[in-house]
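**Student:** Handing you this structure, nothing more for now.
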Amino acid sequence: MELNVVDIGDVYFVKLGMQLRALNQPVIELMKGPDGVRRMVTAIKTASKGPGSIRVLRLYAHGNSGIINVAGGHEDGSYELSRISIGNLSKIEPFLNELTPYFSQGARVELVGCLVALDENKQVRENSDGERLIKRLAQIWKVEVFGSGNPKEVPIASLRFVGMVVQANPAGGLSSTVPPEIGFRRFSRSVTP
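Heads up, the sequence shown is in numbering that gives the first Met the number 0, so the first residue is 0 and it goes up one at a time.
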């Protein structure tokens, strides 16, 4: 199954959620607020069909180098546990680990937000916050993790990556690739935690 998590703290992402539902994609909408990573993990586990059922998990939110928000987390420290970042990974890793058994073999996670896999200068660079984040998530979840490698920002409310995509695998490998396609499903389901 494919699941789409949308940070609806921004009106553009609310529209994106509507577009995804029109494509019969399951959508989990996260409201802005504290403890967003824990809320996201709980919602994903509830929406899934159980262990081994998730083939694709997409997170749609604002991003930056080594950061993707899930429920309005900001770089200024407000709602710190409402973003996935290299800076707070040690605090949220126990929650993220809970998702590992829910991924099927060959699954992938797509972090569809601006600049996630890049460095602070909007470049792909070895050992940058962006590279370290997607590599570490791939190791935690034991799946491939894709992040924006496009020096131009991903258009807000874009259904898929635009431009180059950086792909990390669980063994620690990193490569650039083309944007994966979005599948279509027969039934739609929304969950708002």
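Note that CB positions come from ideal geometry on N, CA and C, so glycine has one too. Quick caveat: nothing in here was measured; it's all calculated off a predicted structure.
Relative to the alpha-carbon of Pro25, which residue among Ile83, Val55, Lys31 has its alpha-carbon at the smallest distance?
**Tutor:** Closest option to Pro25, Cα to Cα, is Val55.
**Student:** Out of Leu2, Phe94, Gly32, which has the shortest C-alpha to C-alpha gap to Asn23?
**Tutor:** Closest option to Asn23, Cα to Cα, is Leu2.
**Student:** Determine contact between the region 105-119 and the region 133-152, defined as no fewer than three beta-carbon pairs at a distance below 8 Å.
**Tutor:** Touching, yes.
**Student:** Could you tell me the boundaries of the beta strand (DSSP E) in which Asn68 lies?
**Tutor:** Residues 66-68.
**Student:** Glu79 by DSSP, collapsed to three states: which one?
**Tutor:** DSSP places Glu79 in helix when its eight states are reduced to three.
**Student:** According to the neighbour-count rule (16 or more other Cβ atoms, all chains shown, within 10 Å of its Cβ), is Ser187 buried or exposed?
**Tutor:** Note that Ser187 scores 37 on pLDDT, short of 50, meaning its location in the model is unreliable; the coordinates nonetheless yield the value given after this. The residue is exposed, with fewer than 16 neighbouring Cβ atoms inside 10 Å.
**Student:** Quick check on the DSSP output: what are the complete alpha helix (DSSP H) runs of length 4 or more inside the region 110-183, in order along the chain?
**Tutor:** With a minimum length of 4 residues, the continuous alpha helix (DSSP H) runs that stay inside the region 110-183 are 128-140.
**Student:** Classify Val164 as buried or exposed, calling it buried when 16 or more other Cβ atoms lie within 10 Å of its own Cβ.
**Tutor:** Buried, because 16 or more other Cβ atoms sit within 10 Å of the Cβ of Val164.
**Student:** What are the boundary residues of the beta strand (DSSP E) that Ile43 is part of?
**Tutor:** Segment 35-46 is the alpha helix (DSSP H) holding Ile43; no beta strand (DSSP E) there.
**Student:** Between the beta-carbon of Leu80 and the beta-carbon of Lys134, is there less than 8 Å?
**Tutor:** No; because the gap between Cβ atoms is not below 8 Å, this pair is not in contact.
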